[in-house]
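Here's the structure we're looking at; comments come further down.
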């Protein structure tokens with residue numbers, strides 16, 4: 014089930030049987046009884062974008078936001094200031110504008 018006010022970003026993939034209570038950013042994979050991010054939807058990205066530079070830019074932004082240990086909204090704002098890639102801008106804006114939060118765990 015998906016909560017009625019959750020937003021799911023473009024090209025995100027949700028595992029079957031997952032319970033979604035928070036927003037899932039574009040290009041991400043999520044799974045679990047209370048769904049959490051498991052990484053990027055790399056197969057979907059490879060199908061969608063032929064340019065490897067786009068995929069690498071999304072990967073870099075994902076790592077900066079979720080693996081830096083800093084607040085994700087602050088990191089997304091920093092990325093947005095310097096980003097030129099359209100997909101990275103979409104990714105960062107989604108995280109900044111989320112109302113329900115992003116379900117992720119720190120490694």
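Residue numbers (this note's numbering): 14 to 120.
Glycine included, every Cβ here is placed at the ideal spot set by N, Cα and C.
| Asked | Found |
| --- | --- |
| Assign residue 100 to one of two classes, buried (16 or more other C-beta atoms within 10 Å of its C-beta) or exposed (fewer than that). | buried |
| Assuming residue 78 contacts residue 88 (C-beta within less than 8 Å), just tell me the rounded distance between them. | 5 Å |
| Cα-Cα, which of 115, 16, 105 is closest to residue 92? | 105 |
| Checking 8 Å against the spacing of the C-beta atoms, do residue 68 and residue 59 come in under that value? | yes |
| Which residue marks the beginning of the beta strand (DSSP E) containing residue 51, and which one marks its end? | 49 to 53 |
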